[in-house]
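The opening position of the sequence shown corresponds to residue 607 in our numbering, with each subsequent residue numbered one higher.
Heads up, the thing below is written out as structure tokens.
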Amino acid sequence: MIEVELKARLANPEGVEARVASFSRLVGPFDKFDAYWHGSDWRLQRGKKGFRVRADGGKTYVTFKTKRCEGGIEINQEREFEVSDLDSFVELALRLGCEPFYKKRKTGRRYEVDSPAGGLPITIEIVEVEGLGPFIEIEALLADEEPSAVALAQGEIRGLLARAGVPPEAIESRYYSELLLAAGLIQPAS
């Protein structure tokens, strides 16, 4: 699965959410707790290695991505699977030499809007990232990384950002890990 997404800081989260609610469907609230893991020798290789363990809606998922960023929009090859026994998975990760790196919590509301190009709905989330403040995240999922489909998704996402009333200069191209590190909320790898 290819994930095409952007995030932007919000100066007026309530106003943005009201605009999003006017053109999309509310899916519901969420509370995502993420624990990021890395091997001790490759912790800060941005977008290269590592994985996330996410608790969301009573389920636990492991996700790993190959990331790149173009003009503030991430284009990630994402692989994800559900874990039925978190304790056993954590024990396995520790045995393999992995270690927990940092944690992040995001709460908010998820909306969906139909893609003008068809296919899967585009997800819009109004989020509060603990320690960082409010953001909007807009994500389209694609079956593959066909360049014209990626370009179309990028255009749709930017159009939805504008429709939500968020200026393009609010786009945040840094990953949350970089923002948390810059804010002193996680310690740099030694």
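Idealized CB from N, CA, C, for every residue including glycine.
Practice problem: Please determine, among Phe707, Glu686, Thr666, Ile681, the residue with the shortest C-alpha to C-alpha distance to serine 694. | Solution: By one-based count along the sequence shown, residue 694 stands at place 88. Minimum Cα distance to serine 694 is reached at Thr666.
Self-check item: Residues of its chain near glutamate 623, where Cβ-Cβ distance is below 8 Å and the 5 sequence neighbours each way are ignored
Solution: For the purposes of this step, residue 623 is taken as residue 17 along the sequence shown, with counting starting at 1. Once the five neighbours on either side are set aside, the close Cβ partners of glutamate 623 are Arg715, Ile732.
Quiz item: So what does DSSP say about arginine 652, is it helix, strand or coil?
Solution: Translated into positions along the sequence shown, residue 652 becomes position 46. Note that arginine 652 has pLDDT 48, beneath the 50 cutoff, so the model's placement of it is unreliable and no number is given.
Self-check item: When Leu748, Ser628, Gln760 are compared against isoleucine 608, the one with the closest alpha-carbon
Solution: Counting from one through the sequence shown, the residue named residue 608 turns up at place 2. Answer by Cα proximity: Leu748.
Quiz prompt | Integer-rounded CB distance, given that tyrosine 708 should sit under 8 Å from serine 783 | solution = Locating residue 783 in the sequence shown gives position 177, where the first residue counts as 1. Locating residue 708 in the sequence shown gives position 102, where the first residue counts as 1. Indeed they touch by this definition, with Cβ atoms about 7 Å apart.
Quiz item: valine 621: which of Gly771, Leu692, Leu612, Trp643 sits nearest, CA to CA?
Solution: Counted from its first residue, the sequence shown places residue 621 at position 15. The residue you asked about is not valine; residue 621 is glycine in the sequence shown. For the residues Gly771, Leu692, Leu612, Trp643, the minimum Cα distance to glycine 621 belongs to Gly771.
Practice problem: Using beta-carbon positions only, say whether isoleucine 728 and alanine 757 come within less than 8 Å of one another. | Solution: One-based indexing of the sequence shown puts residue 728 at position 122. One-based indexing of the sequence shown puts residue 757 at position 151. No, these two residues do not count as a Cβ contact at 8 Å.
Quiz item: Got a sec? Which residues, its chain only, sit under 6 Å from lysine 671 by beta carbon, not counting five neighbours each side?
Solution: Residue numbering aside, residue 671 sits at position 65 when the sequence shown is read from its first letter. Asn682, Glu684.
Exercise. Closer than 7 Å by C-beta to aspartate 637: which residues in its own chain qualify, once you throw out the five before and the five after it? Chain order, please.
Key: Here residue 637 is taken as the residue at index 31 of the sequence shown, counted from 1. For aspartate 637, where only same-chain residues beyond five positions count, the Cβ hits under 7 Å are Thr713.
Self-check item: isoleucine 777 and alanine 614 closer than 8 Å at C-beta
Solution: Indexing the sequence shown from 1 puts residue 777 at position 171. Indexing the sequence shown from 1 puts residue 614 at position 8. Cβ atoms of isoleucine 777 and alanine 614: closer than 8 Å.
Exercise. Enumerate in chain order the residues of its own chain whose CB-to-CB distance from alanine 661 is below 6 Å, with the five nearest sequence positions on each side excluded.
Key: Locating residue 661 in the sequence shown gives position 55, where the first residue counts as 1. Closer than 6 Å at Cβ, skipping near neighbours: Phe639.
Quiz prompt | CA nearest to the CA of glycine 656, picked from Leu785, Ser779, Pro706, Asn618 | solution = Taking the first residue of the sequence shown as 1, we reach residue 656 at position 50. Among Leu785, Ser779, Pro706, Asn618, the Cα nearest to that of glycine 656 is on Pro706.
Quiz item: Roughly how far, in whole angstroms, is the beta-carbon of proline 722 from the beta-carbon of glutamate 762, given that I think they are within contact range, below 8 Å?
Solution: Counting from one through the sequence shown, the residue named residue 722 turns up at place 116. Counting from one through the sequence shown, the residue named residue 762 turns up at place 156. With a Cβ gap of about 6 Å, proline 722 and glutamate 762 count as contacting.
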